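Worksheet: one structure, shown below.
Protein chains: 2
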Amino acid sequence: MMDKILDSRDMNFLLYEFLDTELLINRLRYAGHSREIFNATLESVELVAKKYFANHYSKGDANEPSFDGMNVKQIPETKMAWDAVSDLGIMSAHQDFDEGGMQLPYVICASANAYLSAANASTAGYHFLTIAACNVIRSFANDEQKSLFVPPMMDGRFAGTMALTEPNQGSALADIKTVAYPHDDGSFRIKGQKMFITNGDHSLSDNIVHLVLAKIKDAPAGVNGISLFIVPKIKLKADGSLGEANDVALAGLLHKMGYRNATSTVLNFGEKEGAEGYLIGKPHRGLHYMFQMMNEARIGVGTGAAALAYQGYLHSLAYARERPQGRLPADKSPNSKQVNIIEHADVRRMLLTQKAYAEGAMALCLYATSLMEDERTADTECERQRAAVLLDLLTPVVKSWPSKYGCLSNDLAIQVLGGSGYIREYPLEQLYRDQRLNPIHEGAEGIQGLDLLGRKIPMQNQYGFDIFMQEVRITLQRASLIDELAELFDPIHEALERLDTVTAILTRKVEKEPNSGLANATVYLDMFGRVVMAWIWLRQALVAYHALNKGEAVIDASERDFYQGKLQAARFYIQWELPATVQQSLLLEENNLVCFEMQDGWF
Amino acid sequence: MMDKILDSRDMNFLLYEFLDTELLINRLRYAGHSREIFNATLESVELVAKKYFANHYSKGDANEPSFDGMNVKQIPETKMAWDAVSDLGIMSAHQDFDEGGMQLPYVICASANAYLSAANASTAGYHFLTIAACNVIRSFANDEQKSLFVPPMMDGRFAGTMALTEPNQGSALADIKTVAYPHDDGSFRIKGQKMFITNGDHSLSDNIVHLVLAKIKDAPAGVNGISLFIVPKIKLKADGSLGEANDVALAGLLHKMGYRNATSTVLNFGEKEGAEGYLIGKPHRGLHYMFQMMNEARIGVGTGAAALAYQGYLHSLAYARERPQGRLPADKSPNSKQVNIIEHADVRRMLLTQKAYAEGAMALCLYATSLMEDERTADTECERQRAAVLLDLLTPVVKSWPSKYGCLSNDLAIQVLGGSGYIREYPLEQLYRDQRLNPIHEGAEGIQGLDLLGRKIPMQNQYGFDIFMQEVRITLQRASLIDELAELFDPIHEALERLDTVTAILTRKVEKEPNSGLANATVYLDMFGRVVMAWIWLRQALVAYHALNKGEAVIDASERDFYQGKLQAARFYIQWELPATVQQSLLLEENNLVCFEMQDGWF
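Line by line, the protein sequences give chains A and B. If you want the numbering used here, it's the 1-based position in the first sequence plus 1414. If you want the numbering used here, it's the 1-based position in the second sequence plus 1414.
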């Protein structure tokens, strides 16, 4: 069976040819690093991914965590994977050297995470959430809180969660009901129930640090009354050692379709005296702090979705190359040899579509991560701001596009295998089930559409959107110099103008009449995503074109094939997937309200 | 929780308003029947579906059949469901009175099956396959074979299977390796392995009758060397009573993503002396006979897919009506009451899309079943032939459209529920897993595309396609008389012309160069399907329009709502889904070969 985690040639392409990761070593923060160190890091992560994550991908699905009323039981491989990652230091890879970290660029950390996700997404989630929670504490908590919680979260003694959702509120954070009661010693007592809390309980670490959104008693209604608290499962003594159990109870596990080796929990805070919690930063600013975590988590979801799509693609590709079946239509002889199914046009379509989705999604997410990097370490304030604004704009697309098309990609992977794709004897059906979580968590598809059209486009007088348009036009300008890329240039050029027109029309509508103006925000999100991805593919095609045109002598046959594949995938995306924007723009321009005007009683 | 199986008001609409089912009683075969009898039949099936099928939908998934090396163990509810259906007489509902049947029209039987599928598709499959196998024996076997096997298959003592697929051949039946050795007594000894045989072993019936495709020793290569055999699990004595076990062994169960309460088996025929088998009809004509079964099974798959989509739609609709969350965009006050999520535009989009897919798929499948009826019982030979040819043309669409869009529909049902849609505490994720089988079995999507463009379109000088065009034009003609339906008329009119042009171009290409001409057959299948479905929705819209325009006095408010819903779903389908044919036709007209020209080495 196929044992690749990701395609390392392509990861190399994305990091060093599509992106300029090697140039990062010119920045002060990365001065001690080199491409060799980056690659050595990824190679060791790949080994860990194979040895400690891929090894129990299927087993963790068939033997999901269970709760006996006292403890959560898990297969032992999960704990071994947790320890292996902790030992590797990847939990703190991005932190500064003087914090005990490896001071690696985000894009290397994200690539490392992609290997772990591709090998076993649900097991990898334990440390992703811990890193994310730890980052919030590092950014916003006070020194005492940091000194108590950050070191054990960086070395894997403590795990972390984000506890936002409640049973009756879902996507609408304004309506959370969990209350924090001030206590004499300056801490708080938290009471309330949280639901769908990923990794809310498990047996991997000595302690679990919940970041809990709650409203301090008598706080203002809505999102401006939400505060953020550290609520450990086990309280700490002043010296940081473990004390008594906090008043946090696991009410039960939820049983997911996929992602089964991660626990999904219902947690009761404060069933007895109230769970001891420590306010992070200022009262009522909780959502603001949490958004840092959510934005990073959204890019993380996109990257994880890209990784699952990539695994499915590689599996179905390997299968299609080995599985003989049938003959080409023109061959009517029953005595001729069967061809491998990769020879069938429709199988090629399914593989090429997956390639365009999986490699495209990975390119998009690593690009977004490079913006996260630039936001923090680019040389000038202007570059940093530009990157921050562009990333802010693109985040809904980075979260939702890989999730949506990742599902379609894993669907095609099943279809390539046919009946074998549908049975648990092969990994494709599990990838499909795992992937289906991604369009739901960290803000469902519909929320991302509203975020893009309702908030991100209009922000700062469309500054983000203007930057995006400029970036695409710069790429188009470069492509326009190359006659061979005209077939890619024209459709994107036209689609960009369409997007510009539609955006102008819709933003005016949203201002005047938000309900109907935002009614088709999900269609807008998809249209926007198609333009973004066409651009991402054009950028890859440009690199491939230039690599191919260095002359035969410079690159060998397999390298030529690699770049030809990139060009063909770009052609596919731009000729097969981008044109849907034509009809989408017509729907959006007229603001078609067929769905909006549908009445409850008519269903 | 929602406990509807299907929407009986809509089923009524489809049977008696969209189709003319009541007029069937004017045909001699149905002279003794009435609408009341039809409805009473469906009501009793609905009760059985609720009591004996819906009751273990989740349990059968969580406790799938297991094999201990000797017997297949199943939850007892499966056997109770099997018996309940046998007792009801639905297994033989279509058969003539003098065969012991109920002599009911196909469309009533198909509706009955839809109720069972919607309640529990995998349990329902046991009797669907039995009926299908029994029909082949009735049509093509000799009298002795019929007298031995038909009665016990009609009353549920014997079950049936279709054993086509082998481990190394999949969709390419020409390459099956199972051999039938002639035996002195006129029977055959079958040797070979079959895989993915649904319900190939179980403990519901006294015997299992396998219809096995095999090649008689020294038969011609390819599909013209395939014969069809009856191979019972337990051999029969001359009087029809059970004799010794045949040489048919269950090698193992396959473990599916969904449809788990149906067994999927690997069967070894003839590991010892050879499995005793009885030739059906003439040697080497097996595939011809099997095609009757496959064509019926394909319509059955479509109907089952429609039923699963329908269940998901009804569940998510009920949830959306009850679940409060968030506020409309224009309402910025955190103190206002939360709205039920059906108020959110994007949720309405997801519900309306499901309505268009689920109700549309059901309408398509019942329409196809009415053609099956007309093929057999229409008054004139001309009508019968016309129906046969049209059904033949449409079968790939009837199989694949509900399967493909059923998956998308169940995907949306999950999305409406968000996190709750993803957990096994709700039925949506199971419906999604169950549905995913449908684009695979009975001829995968790609096979249906090749069948449509490569065989069905060109057959009899495009006679089928011409009839289809005529039918759509007749409906358009009727719609053109109604000004209010102009918004539906124009897009279909244009799409039909596009389809005509594309079809002419492609059929010429296929003739000249089959490999590249058929390369985009799956895109053609989807384009064709969209036109078919737009027509199906226009026909529903016409009925709804006329019902609404009888005047207020005639229909009450809930009836008005029902018809308004039909009109709105038609608008949705025609304005949101049909326009994709514009870009599809451009791809097809230029015969875009980006996928076809992709090279193995470029992946």
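Each residue gets a CB set at the ideal place from its N, CA and C atoms; glycine is no exception. For clarity, every value in this text was computed on a predicted model and none was experimentally measured.
Check	Outcome
Minimum length 4: unbroken alpha helix (DSSP H) runs contained in the segment 1603-1638 of chain B	none
Cβ pair Q1807/A, L1864/A closer than 7 Å	Note on residue identity: the sequence assigns Leu, not Gln, to residue 1807/A. No, they are not a contact pair.
Close-in-space but distant-in-sequence residues of the same chain around L1992/B (CB under 6 Å, 5 per side omitted)	P1905, A1909, R1944 and A1948
Chain-ordered neighbours of G1740/A on chain B, where CB pairs are closer than 7 Å	S1585 and A1586
Beta-carbon contacts of L1438/A that lie in its chain and below 6 Å, excluding the five residues immediately before and after	Y1444 and P1519
One or two residues paired with P1596/B in a DSSP bridge	F1602/B
Euclidean distance between Cα positions of A1792/A and L1433/A	14 Å
Which of helix, strand or coil DSSP assigns to M1368/B	Residue 1368/B falls outside the range modelled here, since chain B spans only 1415 to 2017, and no answer is possible.
Cut-off 6 Å between Cβ atoms - residues of its own chain near K1493/A, not counting five sequence neighbours on either side	L1618
T1544/A beta carbon less than 7 Å from that of A1573/A	yes
Identity of the residues DSSP links to G1833/B by a beta bridge	Answer is none; G1833/B lacks a bridge partner.
Chain E contact for Q1706/B (CB, 7 Å cutoff)	Included in the structure are the protein chains A and B, with no chain E among them.
Neighbour flag for L1932/A against chain B, beta carbons, 7 Å	yes
In chain order, each alpha helix (DSSP H) run of at least 4 residues that lies wholly inside the segment 1882-1943 of chain A	1900-1926 and 1928-1931
G1614/B and T1575/B closer than 7 Å at C-beta	yes
Close-in-space but distant-in-sequence residues of the same chain around T1455/A (CB under 7 Å, 5 per side omitted)	L1518, I1522 and A1526
Proximity below 7 Å, CB of G1820/A to CB of L1722/A	yes
CB contact flag (G1726/A, D1760/B, <7 Å)	no
K1964/B versus N1934/A - alpha carbon distance	34 Å
Chain-ordered chain A contacts of L1636/B [CB-CB under 9 Å]	For the sequence presented, residue 1636/B should be read as Gly rather than Leu. Here the neighbours are K1746, S1747, P1748 and N1749.
C-alpha distance - E1787/B paired with E1478/B, whole-angstrom precision	36 Å
Short-range partners of chain A found in the segment 1523-1552 of chain B, where Cβ spacing is below 9 Å	none
For L1502/A, three-class secondary structure by DSSP	helix
Backbone secondary structure at A1995/A - three-state DSSP	Note on residue identity: the sequence assigns Thr, not Ala, to residue 1995/A. Note: T1995/A maps to helix in three-state DSSP.
Those runs of the beta strand (DSSP E) which lie wholly inside the segment 1653-1696 of chain A and span at least 3 residues	1656-1659, 1662-1668, 1678-1683 and 1689-1693
CA-to-CA distance, L1851/A to G1714/A, given in whole angstroms	13 Å
K1746/B - DSSP class collapsed to helix/strand/coil	coil
Boundaries of the alpha helix (DSSP H) in which S1531/A is found, first to last residue	Y1520 to F1554
Local Cβ density within 10 Å of H1597/B, reported as buried at 16 or more and exposed below that	exposed
Bridge-paired residues (DSSP) for F1976/B	F1976/B is not bridged to any residue.
Any chain B beta carbon closer than 7 Å to G1700/A	no
Beta carbon proximity, V2008/B to chain A, threshold 7 Å	yes
Distance between T1767/B and M1776/B (C-alpha atoms, nearest Å)	14 Å
Three-pair Cβ contact test at 8 Å for the segment 1997-2012 of chain B versus the segment 1914-1921 of chain B	yes
Outcome for K1670/B when other beta-carbon atoms lying within 10 angstroms are tallied against a minimum of 16	buried
Pair within 7 Å by beta-carbon distance, L1420/A and Y1724/A	yes
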